[in-house]
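Novice: Following full-length UniProt numbering, the numbering of the first sequence begins with 1 at its first residue and continues without gaps.
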Amino acid sequence: MKEIQITFEDSSKHTIPSGKSVKEILSSINSNNSRDVIACRIDGIPEDLSCIVQKDVSLQTIYRNSPEGLEILRHSTSHIMAQAVKELYPETKVAIGPAIENGFYYDFDREKPFTPEDLEKIEAKMEDIIKNGLTFNKKRVSKEDAIKFFKSKSESYKVELLEEIKQDEVTLYEQGSFTDLCRGPHISETSLVKAFKLLSIAGAYWRGDERNQMLQRIYGTAFFELSELQAYLKNLEEARKRDHRKLGKELELFSIYDEIGPGMVVYHPKGALLRITLEDFERKEHLKRGYHILIGPTLLKLDLWKQSGHYDNYREMMYFTEIEGQMYGIKPMNCISHMLVYKSKIRSYRDLPLRFFELGTVHRHEKSGVLHGLLRVRGFTQDDAHILCTPDQLQDEIISILDFVDYVMKIFEFEYMVELSTKPEKAIGTDEDWERATGALAQALKAKSFNFETNVGEGAFYGPKIDIKLKDVLGRFWQCATIQCDFTLPERFELEFIGQDGKPHRPVMLHRVILGSMERFIGILVEHFAGAFPTWLAPVQAKVLTITNAVDQYGDKVRSLLADEGLRCELDTRNEKISFKIREAQLQKIPYLLIAGNREASSETVAVRLRDGRDLGQISLEKVMKMINEDVKQKRLIPGGEGI
RNA sequence: GCCGGUGUAGCUCAGGGGUAGAGCAACUGAUUCGUAAUCAGUAGGUCGGGGGUUCAAUUCCCCCUGCCGGCUCCA
């Protein structure tokens with residue numbers, strides 16, 4: 001028999017007889033951990049373990065505890081789900097069913113919507129399929145045969161997919177009664193699925209296009225170990241507990257009233273304190289970095305929106321109103337008044353870069369179905385800036401914004417990732433402008449040696465952008481900061497500066513936000529900190545709790561001392577037990593609880609209890625104020641620091 | 001905007017064709033207490049809005065609206 005040579009990842013080479021499956025090869029060579037191998041790569045291409053090797057190849061193993069291994073498991077589980085659905089509801093057509101970040105889904109076309117009870121039935125059927133230990137069999141067939149096969153099964157979505165495939169040969173995977181068009185690879189048999197759960201049902205457009213048929217998507221997840229599934233479900237539970245809409249109510253931060261309108265936020269006293277604290281921080285940081293603060297109006301005449309291009313490209317997102325026969329638009333962006341301020345006088349190259357900053361409240365008519373607490377609203381305030389500079393200054397400006405973002409994100413201990421978005425279908429400006437602008441952004445990212453992904457066609461209509469997605473404590477990503485290049489607005493508003501040569505030149509412009517919107521950022525902060533804000537941000541930084549009414553006066557003295565220091569302090573003199581007051585204050589996530597009884601009143605101290613339950617004992621008022629001030633100054637995330 | 005679910009007291013939630021209930025909160029009284037819930041009492045709702053079926057609708061049906069989970073879109 002012919003012999004072939006297998007080269008492994010560690011460069012070791014083995015000579016074996018041709019015609020063996022990968023599984024056989026692995027168990028003949030390394031029996032120890034071959035059981036943990038779930039799939040492989042042959043010459044770099046993902047393959048099943050059942051793949052027969054007939055020539056010299058390089059062989060890489062994919063282990064079950066690798067991200068790729070998990071993805072394969074989930075993909076296979078989606079096939080098992082589709083099989084279960086087809087067996088229970090044969091009239092259903094299948095669409096696509098990939099693995100996704102935390103699990104998998106499969107899209108189905110079925111007249112009757114799936115119900116939660118259906119999910120239970122499907123899960124039970126899946127258990128059966130898993131128990132039966134069906135093997136995943138890969139078949140290579142010609143495209144024509146595959147089309148014939150799926151036509152005979154009335155699987156029109158599969159036929160549509162096939163018709164767009166360029167290759168003549170396709171692969172099908174078959175387990176039990178179910179056959180799917182699929183590239184693979186898959187696990188070898190269904191019994192390898194040890195832990196899975198179907199999570200939700202949702203509508204989803206065929207191929208993600210809203211002009212297409214709405215399908216029914218079932219989401220699920222799968223793991224190799226039950227303990228991992230349980231940990232994941234626990235994480236979901238934790239996320240629910242941290243939901244900013246729930247905490248926003250409990251901590252009395254904000255409301256969104258039906259009566260006022262969807263997506264319109266009202267800040268309650270505590271939320272308002274949090275917000276102005278963030279805003280004060282922002283103003284300070286911007287002034288430090290040479291920004292000029294502007295304040296502009298909400299309503300601007302329609303002509304300006306026509307001039308800017310917003311009317312042509314953004315109209316359906318805008319609100320309009322008529323005043324004395326004159327049409328106005330409510331601003332969806334802050335740039336226009338900044339343009340006019342730039343134009344208010346003749347600018348010299350010596351004035352550039354000019355950085356205009358505005359905490360600008362904008363309104364966008366977001367589709368009703370997308371609204372979500374503070375994270376997606378219709379009226380929001382951006383920490384917006386427009387930087388006008390010479391083309392030469394562009395890269396340095398982008399770099400200093402990236403540094404600014406980094407500085408701010410570190411304060412909250414957010415990690416983040418960076419994406420570059422290029423020209424979308426609906427866009428203004430020439431291709432050359434787009435190339436220059438995209439190049440400038442990419443070069444700045446390279447100069448800071450950022451790893452970034454490129455999102456083709458995802459830019460704003462007026463220019464390419466860098467999006468910064470921050471990662472919260474639960475590992476979720478949120479879009480906040482963005483840096484957008486704009487060569488067209490300076491053109492449309494005929495902005496000029498006088499150059500060294502005494503002639504007029506056109507500046508270039510950057511739009512950028514750091515936190516993004518105050519609303520979204522606050523929503524993220526609530527979830528990130530589970531409502532337990534760092535002392536510098538906490539709406540109430542300290543609460544004085546009196547033990548009996550005999551010390552109410554002393555309690556008020558403590559409160560006013562702290563207030564004089566500029567600290568946000570409340571006093572609880574209710575006729576309640578101290579444990580009751582502590583419980584309540586703790587649930588309100590107040591960083592410092594200052595307990596005042598007779599002992600403290602007579603010694604000018606308070607008994608300090610931190611939010612996390614640490615009891616620091618009796619401490620002098622002076623020392624307590626110093627502690628809290630130190631938290632604020634250092635923007636410590638944990639009250640009192642971690643070292644106490 | 002689309003698909004599905006859902007809307008009962010300030011909050012969290014039961015209930016169900018014969019006009020509603022709990023806990024917490026609120027209010028009143030008692031208690032003045034040392035580190036996560038003191039006791040008792042009182043009050044509180046056109047059951048999201050409109051229409052229909054019915055002797056009778058909060059309950060069943062339809063429409064609208066808000067909210068929730070997704071899709072599409074996005075700071």
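Each residue gets a CB set at the ideal place from its N, CA and C atoms; glycine is no exception.
Within this structure, are the beta carbons of residue 108 and residue 175 separated by less than 8 Å?
Specialist: No, the pair does not count as a contact, with Cβ atoms beyond the cut-off.
Novice: Suppose the cutoff is 8 Å on Cβ atoms and the five residues either side in sequence are ignored; what does the same chain contact list for residue 338 look like?
Specialist: For residue 338, where only same-chain residues beyond five positions count, the Cβ hits under 8 Å are 294, 296, 356, 358, 386.
Novice: Which residue's Cα is closest to the Cα of residue 128: 453, 229, 196?
Specialist: With distances taken between Cα atoms, residue 128 lies closest to 196.
Novice: Determine, using beta-carbon pairs with one atom in the region 146-158 and one in the region 63-74, whether at least three such pairs fall under 8 Å.
Specialist: No contact exists between the region 146-158 and the region 63-74.
Novice: At the level of alpha carbons, what is the spacing between residue 667 and residue 74?
Specialist: Limits of the chain in this structure are 1 at one end and 644 at the other, which puts residue 667 out of reach.
Novice: With a threshold of 8 Å on Cβ separation, who are the neighbours of residue 381 within its own chain once the five nearest residues in sequence on each side are excluded?
Specialist: If we look at residue 381 and ignore the five residues flanking it on each side, its Cβ neighbours are 359, 360, 361, 362, 517, 518, 519.
Novice: Rank 426, 246, 592, 627 by C-alpha distance to the C-alpha of residue 614 and give the top, closest one.
Specialist: Measuring from the Cα of residue 614, the nearest candidate turns out to be 592.
Novice: What does residue 368 pair with, by DSSP beta-bridge criteria?
Specialist: None; residue 368 has no bridge partner.
Novice: Give a yes or no on whether the C-beta atoms belonging to residue 6 and residue 25 are separated by under 8 Å.
Specialist: Cβ distance < 8 Å, so residue 6 and residue 25 count as in contact.
Novice: What is the DSSP secondary structure of residue 197, counted as helix, strand or coil?
Specialist: Note: residue 197 maps to strand in three-state DSSP.
Novice: Assuming residue 389 is part of the beta strand (DSSP E), what are its boundary residues?
Specialist: Here the beta strand (DSSP E) through residue 389 covers 379-389.
Novice: Tell me which residue opens and which closes the alpha helix (DSSP H) that residue 527 is part of.
Specialist: First-last of the alpha helix (DSSP H) with residue 527: 518-529.
Novice: Nearest to residue 236 by CA position, among 291, 374, 103, is which residue?
Specialist: Answer by Cα proximity: 103.
Novice: Tell me the DSSP secondary structure of residue 414 in three-state form.
Specialist: Of the three classes helix, strand and coil, the one that applies to residue 414 here is coil, per DSSP.
Novice: The alpha helix (DSSP H) with residue 480 in it runs from where to where?
Specialist: Here residue 480 belongs to no alpha helix (DSSP H); instead the beta strand (DSSP E) covers 477-486.
Novice: Find the nearest neighbour of residue 422 within the set 313, 441, 13, judged by alpha-carbon distance.
Specialist: The residue with the shortest Cα to Cα distance from residue 422 is 441.
Novice: What are the start and end residues of each continuous beta strand (DSSP E) run of 3 or more residues lying completely inside the region 584-637, in chain order?
Specialist: List check, beta strand (DSSP E) in window: 592-596, 605-610, 615-620.
Novice: Is it right to say residue 464 is buried, meaning 16 or more other beta carbons lie within 10 angstroms of its own, or is it exposed?
Specialist: The residue in question, residue 464, is buried, as its Cβ has 16 or more Cβ neighbours within 10 Å.
Novice: Determine the closest residue to residue 388 out of 512, 542, 114, with distance taken between C-alpha atoms.
Specialist: Taking only the C-alpha atoms, the option nearest residue 388 is 512.
Novice: Looking only at its own chain, which residues have a Cβ that is under 7 Å from the Cβ of residue 134, when we skip the five neighbours before and after it?
Specialist: Correct list, in chain order: 175, 176, 189, 190.
Novice: Which residue's Cα is closest to the Cα of residue 436: 508, 139, 595, 424?
Specialist: Of the candidates 508, 139, 595, 424, the one whose C-alpha sits nearest the C-alpha of residue 436 is 508.
Novice: Do you know how far the Cα of residue 410 is from the Cα of residue 472?
Specialist: Looking at the two C-alpha atoms, the distance is approximately 12 Å.
Novice: Note down the Cα distance separating residue 625 from residue 497, rounded to an integer number of angstroms.
Specialist: Roughly 51 Å separates the two Cα atoms.
Novice: Going straight from the alpha carbon of residue 629 to that of residue 218, what length do you get?
Specialist: Straight-line Cα distance between these residues: approximately 51 Å.
Novice: In chain order, which beta strand (DSSP E) runs of at least 3 residues are fully inside the region 205-289?
Specialist: Here the runs fully enclosed are 214-223.
Novice: Any chance you could list the beta strand (DSSP E) runs of at least 3 consecutive residues sitting entirely within the region 34-108, in chain order?
Specialist: Runs of the beta strand (DSSP E) inside the region 34-108: 37-42, 45-47, 57-63.
Novice: Excluding five sequence neighbours on each side, which residues of the same chain lie with their C-beta closer than 7 Å to the C-beta of residue 443?
Specialist: Counting only Cβ-Cβ distances below 7 Å, and skipping sequence neighbours, we find 395.
Novice: Does DSSP put residue 124 in a helix, a strand or coil?
Specialist: The answer is helix: DSSP assigns residue 124 an H, G or I state.
Novice: So, at 8 Å on beta carbons, what are the nonlocal neighbours of residue 229 in its own chain, with the 5 sequence-adjacent residues on each side left out?
Specialist: Excluding sequence neighbours, residue 229 sits near 195, 196, 197, 221, 222, 223.
Novice: Could you check the C-alpha separation between residue 548 and residue 581 for me, to the nearest Å?
Specialist: Each residue's alpha carbon lies about 11 Å from the other.
Novice: CB-CB under 8 Å to residue 327, same chain, minus the five flanking residues each way: which ones, in chain order?
Specialist: The answer, listed in chain order, is 301, 302, 320, 321.
Novice: Using a threshold of 8 Å, state whether the C-beta atoms of residue 238 and residue 474 are closer than that.
Specialist: Contact: yes.
Novice: What three-state label does DSSP hand residue 409 in the structure shown?
Specialist: Reduced to three states, the DSSP call for residue 409 is helix.
Novice: What do you get for residue 585, buried or exposed, if any count of 16 or more other CB atoms within 10 angstroms of its CB means buried?
Specialist: By the neighbour-count rule (16 or more Cβ atoms within 10 Å), residue 585 is buried.
Novice: Give the C-beta separation of residue 305 and residue 325 to the nearest angstrom, bearing in mind that I take them to be a contact with Cβ-Cβ under 8 Å.
Specialist: In fact, because the Cβ distance is near 17 Å, the residues do not count as touching under 8 Å.
Novice: Between the Cα of residue 627 and the Cα atoms of 594, 600, 43, 550, which residue gives the shortest distance?
Specialist: That would be 594, whose Cα lies nearest to the Cα of residue 627.
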